[in-house]
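Chains as they are written, first to last, in the working numbering: chain A, 23 to 230; chain B, 23 to 230.
First the structure, in the form of C-alpha cells, and then the observations on it.
2 protein chains.
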Amino acid sequence: MLDALFLYIEQKSAQDLSEQEKSIVAKAFTLKKLRKRQYFLQQGDVCGCLGFIVKGATRMYSVDSRGNEHVLQFGVEQLWVGDDESYNMLYPSKYNIETVEETWLLTIGYEKIQEIIGLSPAIAATFRAMQIQATITLSKRLHRAISLNAEERFDDLLHNEPVFLARFPQTMIASYLGIKPETLSRIKSNVLRKKPVGYKGGTLSISA
Amino acid sequence: MLDALFLYIEQKSAQDLSEQEKSIVAKAFTLKKLRKRQYFLQQGDVCGCLGFIVKGATRMYSVDSRGNEHVLQFGVEQLWVGDDESYNMLYPSKYNIETVEETWLLTIGYEKIQEIIGLSPAIAATFRAMQIQATITLSKRLHRAISLNAEERFDDLLHNEPVFLARFPQTMIASYLGIKPETLSRIKSNVLRKKPVGYKGGTLSISA
DNA sequence: CGATTCTTTGAAAACAGTCAATCTGTGTGG
DNA sequence: CCACACAGATTGACTGTTTTCAAAGAATCG
Chain A
23 MLDALFLYIE
33 QKSAQDLSEQ
43 EKSIVAKAFT
53 LKKLRKRQYF
63 LQQGDVCGCL
73 GFIVKGATRM
83 YSVDSRGNEH
93 VLQFGVEQLW
103 VGDDESYNML
113 YPSKYNIETV
123 EETWLLTIGY
133 EKIQEIIGLS
143 PAIAATFRAM
153 QIQATITLSK
163 RLHRAISLNA
173 EERFDDLLHN
183 EPVFLARFPQ
193 TMIASYLGIK
203 PETLSRIKSN
213 VLRKKPVGYK
223 GGTLSISA
Chain B
23 MLDALFLYIE
33 QKSAQDLSEQ
43 EKSIVAKAFT
53 LKKLRKRQYF
63 LQQGDVCGCL
73 GFIVKGATRM
83 YSVDSRGNEH
93 VLQFGVEQLW
103 VGDDESYNML
113 YPSKYNIETV
123 EETWLLTIGY
133 EKIQEIIGLS
143 PAIAATFRAM
153 QIQATITLSK
163 RLHRAISLNA
173 EERFDDLLHN
183 EPVFLARFPQ
193 TMIASYLGIK
203 PETLSRIKSN
213 VLRKKPVGYK
223 GGTLSISA
C-alpha cells in the first residue's frame, strides 16, 4: 500500500526517496479502509486529516437547502481527499466526503505533515506541488463552470476526464457538472448521436 | 508602498518582520505602476511574476470563441494577481489580467520567491498561507457556481463581496457571475424591489 | 426472481440568453 | 452653457436551454 505513496512522492518531488525518508513516511501515515458508502468526512465535522487514495473512489459534495447534492470533487487513485478550508482553519466542514467504492486511504493529520515536511525536502516539495496542483485544478474547473454550457461541460469531461464517466454513476456526474440527471441523459443521447462513440456495459469508449 | 506588503506579511505569518527581513522583501520586489486598462498579463504569454496590489483594481478574464469575456478573478488592494498554472508550469496563459483603474503592484518572479522563502520563515509562511487561501477562495467560488442560480449568486456577491459591486462596472460583474449584463440588470431590479437597499452614486448600501 | 434504484423520455414551466430599442449619465467641443 | 456623441444600463419581445414533474423502461442487488 505504501509503495503507491512512495511512487507518488518521487514523481511529484522529482527526487528518489532514501530508506530513511520512506520510513518517515511509513510512520507518519495511517492506513484506513472504508467500505462502500462510508463517510471519510461528514458535514459539520472538522476535517482532521488528509487522505491519499491508494485504491478506490470518493466524492466530496454538499447538500443544499432543497436537498440537492452538489459534487465538488471526485477522488480516485493517486488523488487526495479532504476539505482544505476545514482542515486549515479548523472550521466545521460544509461538505461530505464519501466513498463510492471500497477505498483504502493513507491518512495524515495536520501536525504530522508539519513535522515531516521539516524532515525531508522531497516530502516538503510534494506537499507544495499538491497545493499548487489543487489550485490549478480548481481554476480550470471554475473556468469551465462559468464559461461553458451544460453540453460543453459534458464534452469537456468526456475528453479530459473520461475516467470519471466510467467510474461514477450518472446522478453524481450530473451534480459534478452542475446539472440535473435528466438533462445529462438528454445531452448524452445528443452527443452520442452526433459523434462516433461506442457504449458497452456502462463504460463509454470513444472511437475516434 | 512597501509598508502595505510588510503589514500583509506580518498578518499572514503572524510574526513581526525584522529590519533584515524587510530589507530582503524590499530588494526582492519591484514596484510597477499600470495605467487604467493596461495588461499585467496577456493571453498567450507566460506569467513571469506575481503581483501584490498596493493600490488599484484588476480583473483576470478569458475570451471564448464567441468573443464573450469570463471574469475569473477580481483583484483589489491586498490581493495577488497572476496565473498560477502559467506561472508554475510555464505554460502560455489562457487569461488576460488587466487593470480596471490605475494600479500599483509589487511584483516578484519565481526564482526570487524561492530565494526569499529560504531566507525567512515569516515569508515562507506567508506564501504557504497565500496558496491555501487561493485554494479555499476557489473552492467556495466553484461551489457557488455549481450550486446556485443567477439570482442566488448575485445575492451572495451582494452580501459577501459588496466591494466588488461598488468597484467594477456591471458588465464585469455579470461576467464574474457567469451571466449576461441584461440578466444582471433584471436580477438587480428584482432584488432591490424585494429588499430594503439604498442606492447612491453607483454604490450599493444595504440598510438592514 | 422481485424489489429497488438508476436512467430515459415526454410535456409544460421556469430560467437565462439574444437582439433591438430606449434611457441615463458622462464628457466633449462648439 | 448647451447640444451632441458615446458608452453603459435598462426594458421589451422573442428564442433557446435547463428544470420540473410524472411515467415508463433498464439495470442491479440481494
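By construction, the Cβ of each residue, glycine as well, lies at the ideal position given by its N, Cα and C atoms.
These numbers were taken from a predicted model, which means no experiment stands behind them.
Which whole-angstrom value describes the C-beta separation of residue i and residue j, a residue pair presumed to lie in contact below a C-beta threshold of 8 Å?
i       : j       : result
F51(B)  : I139(B) : Not really, about 13 Å apart at Cβ, beyond 8 Å.
R81(A)  : F149(A) : Not a contact, Cβ separation roughly 23 Å.
A167(B) : A167(A) : 4 Å
Determine the direct distance from the alpha carbon of residue j to that of residue i, and round the result to whole angstroms.
i       : j       : result
W126(B) : P184(B) : 22 Å
I145(A) : I31(A)  : 7 Å
L27(B)  : V93(A)  : 37 Å
N118(B) : A36(B)  : 33 Å
T121(A) : H165(B) : 20 Å
P114(B) : S169(A) : 19 Å
Y3(B)   : S40(A)  : In the structure displayed, chain B extends from 23 to 230; residue 3(B) sits before or after that span and is not available.
L72(A)  : V103(A) : 6 Å
E123(B) : I195(B) : 15 Å
Q33(A)  : L63(A)  : 28 Å
A188(B) : D178(B) : 14 Å
N90(B)  : N212(A) : 25 Å
L53(A)  : R57(B)  : 55 Å
R208(B) : H181(A) : 36 Å
T193(A) : P203(A) : 5 Å
M152(A) : K49(A)  : 20 Å
L226(B) : K216(A) : Note that L226(B) has pLDDT 46, beneath the 50 cutoff, so the model's placement of it is unreliable and the number below is only indicative. Cα to Cα, L226(B) sits roughly 47 Å from K216(A).
L214(A) : Q42(A)  : 52 Å
G79(B)  : A79(A)  : Residue identity check: residue 79(B) is Ala in the sequence provided, not Gly. Between A79(B) and A79(A), the C-alpha separation is close to 41 Å.
K210(B) : K116(B) : 31 Å
L128(A) : L128(B) : 40 Å
Taking the alpha carbon of residue i as the point to measure from, which residue in the options has its own alpha carbon closest?
i       : options                              : result
N171(A) : S115(B), G97(B), A188(B) and R88(B)  : R88(B)
F176(A) : A36(A), I201(A), L29(A) and R189(A)  : I201(A)
T205(B) : R189(B), E174(B) and F186(B)         : E174(B)
L24(A)  : A147(A), N182(A) and E99(A)          : E99(A)
L231(A) : R59(A), K116(A), L29(A) and E137(A)  : Since the first residue shown for chain A is 23 and the last is 230, residue 231(A) is missing from the structure and cannot be characterised.
I135(B) : Q64(B), F62(B) and F74(B)            : F74(B)
Q16(A)  : D178(A), K49(A), L199(A) and N212(A) : For chain A, the structure presents residues 23 to 230; residue 16(A) sits outside this window and is missing.
V47(A)  : G78(A), A79(A), T80(A) and E137(A)   : E137(A)
F186(A) : G97(A), V85(A), K49(A) and R59(A)    : G97(A)
L141(A) : S45(A), S84(A) and L128(A)           : S45(A)
E55(A)  : E43(A), Q42(A), D38(A) and K77(A)    : Per the sequence presented here, residue 55(A) reads as Lys, with Glu not at that position. Here the closest residue by C-alpha is K77(A).
R59(A)  : Y83(A), E43(A) and K49(A)            : Y83(A)
D38(B)  : L128(B), D86(B), P143(B) and K216(B) : P143(B)
E133(A) : M152(A), L112(A) and A147(A)         : L112(A)
V85(A)  : L214(A), K210(A) and S197(A)         : S197(A)
Check whether the Cβ of residue i sits closer than 7 Å to any heavy atom of the ligand PLP, and report yes or no.
i      : result
Y61(A) : Ligands displayed in this structure: none; no statement on the ligand PLP is therefore possible.
On the DSSP bridge assignment, give the partners of residue i in chain order.
i       : result
Q65(B)  : Note: Q65(B) sits in no beta bridge, so no partner.
Q95(B)  : M82(B)
K77(A)  : W126(A)
P114(B) : V68(B)
G131(B) : C71(B)
I120(A) : Correcting the residue identity first, residue 120(A) is Glu in this sequence and not Ile. DSSP, once it has assigned bridges, lists Y61(A) and R81(A) as partnering E120(A).
V103(B) : G73(B)
T52(B)  : T129(B)
- [ ] Count the CB pairs spanning the region 149-159 of chain B and the region 155-175 of chain A that are closer than 8 Å, and state whether there are at least three.
- [x] yes
TODO: Please confirm if the region 101-109 of chain A is in contact with the region 67-74 of chain A, defined as three or more CB-CB distances below 8 Å between the two stretches.
DONE: yes
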